[in-house]
Each structure stands twice: as C-alpha cells, then as structure tokens.
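Quick note on numbering: the sequence shown equals residues 1 to 144 in the UniProt record's numbering.
All residues carry an ideal CB built from backbone N, CA and C; glycine is no exception.
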Amino acid sequence: MKMEEVSMSSLDNSKLEGLAQDILSDLVEDACLGLCFEVHRAVKQGYFFLDDTDQESMRDFEIVDQPGLDVFGQVYNQWKNKECVCPNCSRSIAASRFAPHLEKCLGMGRNSSRIANRRYESKTSQRIALRYRCLFQSSSSLLH
C-alpha cells in the first residue's frame with residue numbers, strides 16, 4: 001500500500017495500521033541493510049575482529065587505582081632524583097633546572113645569546129691571535 005493510493009478522507013484504522021506497518025518495515029529493512037554493509041566492509045578491510053579480546057590479555061592493560069602505585073601498577077617514588085645529562089657540556093643537571101641550563105649552555109635565551117656570541121667572538125679572536133703568533137714565530141725562525 002502506497003501513500004499516493006490513500007486519500008486523507010478515507011483513512012480508517014485498518015488502512016492507517018497497514019500504512020504504519022509498511023513504514024516500520026521499511027525502516028527496519030534499511031537499518032538491517034546498513035548494518036550488513038558495515039559488517040561486510042569491516043570484514044573485507046580486516047578490522048572486524050579488532051574489538052574482540054579475551055579477558056586474560058586485557059588484565060595487562062587495566063588502569064591501577066591504588067595508593068603508592070602509578071596507573072600502570074609500578075611503584076611511584078616521587079622523591080626519586082630525576083636528572084638529565086646536558087648534550088652540550090655533558091653535565092648532570094636536575095630535571096627541574098634542565099631547560100634553563102640548556103638555554104644558557106646553548107646560548108638560545110635572550111641574555112644567553114649575547115653571552116654566547118661574546119664567547120664565540122673571544123674564542124675566534126684567540127684562535128686568530130694564536131695562528132698569527134705561530135706564523136710570526138715560524139717566519140722569524142726562518143730569518144735567523
């Protein structure tokens with residue numbers, strides 16, 4: 001029974017019930033067909049069984065909520081000394097001071113870039129002076 005066949009004036013209970021049944025069956029059929037397409041695609045793409053896990057393997061990944069343990073079940077020691085090694089100067093520095101140290105050590109901060117430039121300039125001027133001394137000494141030894 002189609003909607004075009006039914007006029008509004010001639011709707012009685014039996015026709016209205018049949019129309020509602022047709023609409024309901026169309027909705028259920030569309031939902032089932034959509035689910036079938038989703039499952040078929042998941043099987044073809046290979047991700048259909050990704051959510052299926054056994055309870056034994058899931059115990060390794062449970063979140064632990066106990067005092068003194070972190071979320072992975074490891075003993076958490078908040079007073080443990082956390083230190084980092086500077087990649088530039090190889091000094092061991094507390095983790096809370098690592099970023100400021102690295103900023104100064106690498107010359108990346110506002111003031112430390114100026115300091116690093118001065119160090120670089122003084123080192124290069126020392127190298128140049130050392131080369132001139134070596135050249136001067138070698139040339140003076142050739143004259144004698």
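By alpha-carbon distance to phenylalanine 48, the top candidate from Glu56, Ile23 and Phe37 is Phe37.
Just so you know, the alpha carbons of alanine 94 and proline 87 end up roughly 14 Å apart. Leucine 50 sits in coil when the DSSP states are folded into three classes, being neither helix nor strand.
The beta-carbon distance between valine 64 and valine 75, rounded to whole angstroms, is 11 Å. This is too long to meet the 8 Å contact definition. Annotation for isoleucine 23: the continuous alpha helix (DSSP H) segment containing it runs 13 to 45.
By DSSP's assignment, serine 92 forms a beta bridge with Val85.
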